[in-house]
Amino acid sequence: AFKNRVFSGVQPTGNLHLGNYLGAIQRFVEMQKTHDCIFCVVDMHAVTVWQDPHELKNQIREVTAAFLAAGIDPKAHIVFNQSQVAEHAELAWIFNCVARMGWLNRMTQFKEKAGKDREAASVGLFAYPNLMAADILAYHATHVPVGEDQKQHLELARDIAQKFNNDFAESIAAHGFGDAFFPLPEPLIQGPATRIMSLRDGTKKMSKSDPSDLSRINMTDDADTIAAKIRKAKTDPEPLPSEAKGLEGRPEADNLVSIFAALSGRTPAEVLGEFGGGPFSTFKTALADLTVARVAPVTAEMQRLIADPGHIDAVLADGSARARAIATPIMDAVKDVVGF
Ligand code: ADP
Ligand code: NA
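Letter by letter, the sequence shown follows residues 3 to 342 of UniProt numbering.
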């Protein structure tokens, strides 16, 4: 039996946005009550596309600050950055040898991120899901809270764990690890905010890499910027429906209602109970006020923390040491099982 343990990560690639906050970070905060949690700034994933070294350092601190500002407790749980724990890379190599080319060829995120010129993409971008599997399985994590965009990668992590358990079944048993060395990690993709969409295009997810800054609410936006972006958010000409099923086929309206629901802890039906039948202008004003009320304190606390990089680096160093203490014996056991 595996201990209930959560692992999840956020890339330090800049433009941390409301989708990351609602789809991931806010959920991490909740999970602390019920699980032992490991939250990772996945800097080794970030460099699968080129990052300016000076910016990267700042962005690692910014994501860490967001974790802490949102309410993650780095003493009761673990907060660290991936590159400080060598076991991630070591286990990823083993998984490069377990996963099949055909499995990775099916990953839609690689196709999206590599774009048309696949030959020019880094090998790391292609192998990214193997590193993600290693992130989770190096801790024998059982639960992984993520947004909808990570579902396929989580399925791959389960396939890798299963194939490792099968390929090495005899050795696993011989070394006294029973019939499964790795747990099959469960994705936790729940709530109204598993896929927050762009404010400019209801068919695309809100993303760090969207060239339009109007497409997303950044966690560092001030109140006026947030209000302006919500006012300019794309909508359709109809009033808001009074029931949730009326949101079908209306991605922009659905998205704004989902954001309101996630920020207020209400269901979309409850939100429509209040605003349904009314014009978008009234709803947008209320949504802007709510977003500012929820985001501004987090932003202010992030800024306070970022002003003291020494403190953030100390949190990461402490978290890394505690992460290593879990991952090292697991990696040692993997080496025994593999025959190293
Ligand atoms: P991004 O996809 O913005 O580059 P990451 O890959 O670092 O960010 O993802 C960090 C977490 O945020 C993941 O759990 C991911 O599923 C979640 N996430 C990213 N974008 C969204 C979104 N638009 N809506 C909900 N969750 C999201
Ligand atoms: Na992502």
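The beta-carbon is built from N, C-alpha and C at its ideal position, and this holds for glycine as well.
Under the criterion of a Cβ to heavy atom distance below 8 Å, does G126 qualify as lining the ligand SAM?
Only the ligand ADP and the ligand NA can be found as ligands here, which leaves the ligand SAM out of the picture.
From P299 to P14, what does the alpha carbon distance come to, in whole angstroms?
21 Å
Express the C-alpha separation of Q61 and G16 in angstroms, rounding to a whole number.
6 Å
Buried or exposed for G267, going by 16 or more other Cβ atoms inside 10 Å?
exposed
Of all the options I219, S244 and L307, which has the alpha carbon lying nearest to the alpha carbon of A290?
I219
According to DSSP, is F41 helix, strand or coil?
strand
Would you kindly check if the distance between the Cβ of A78 and the Cβ of Q34 is under 9 Å?
yes
To which residues of the same chain is M76 closer than 8 Å at the C-beta, ignoring the five residues directly before and after it?
According to the sequence as given, residue 76 is Pro; it is not Met. Closer than 8 Å at the Cβ level, and outside the excluded window around P76, lie F69, L70, V317, D320 and G321.
Give me the Cβ distance between V294 and A225, rounded to the nearest whole Å; I'm assuming they're in contact under 8 Å.
5 Å
To the nearest angstrom, how far is it from the Cα of L201 to the Cα of S260?
Each residue's alpha carbon lies about 12 Å from the other.
Expressed to the nearest angstrom, what Euclidean distance is found between the alpha-carbon atoms of T144 and W105?
22 Å
Check whether the Cβ of I198 lies closer than 8 Å to any heavy atom of the ligand ADP, and answer yes or no.
For I198, the Cβ falls inside the 8 Å cut-off from some heavy atom of the ligand ADP.
Once DSSP output is grouped into helix, strand and coil, what is the label at S10?
Note: S10 maps to strand in three-state DSSP.
Ignore the nearest five residues each way along the sequence and tell me which others in D161's own chain have a CB closer than 7 Å to its CB.
Close CB contacts of D161 within its chain, under the 7 Å cut and outside five residues either way in sequence, are with W105 (chain order).
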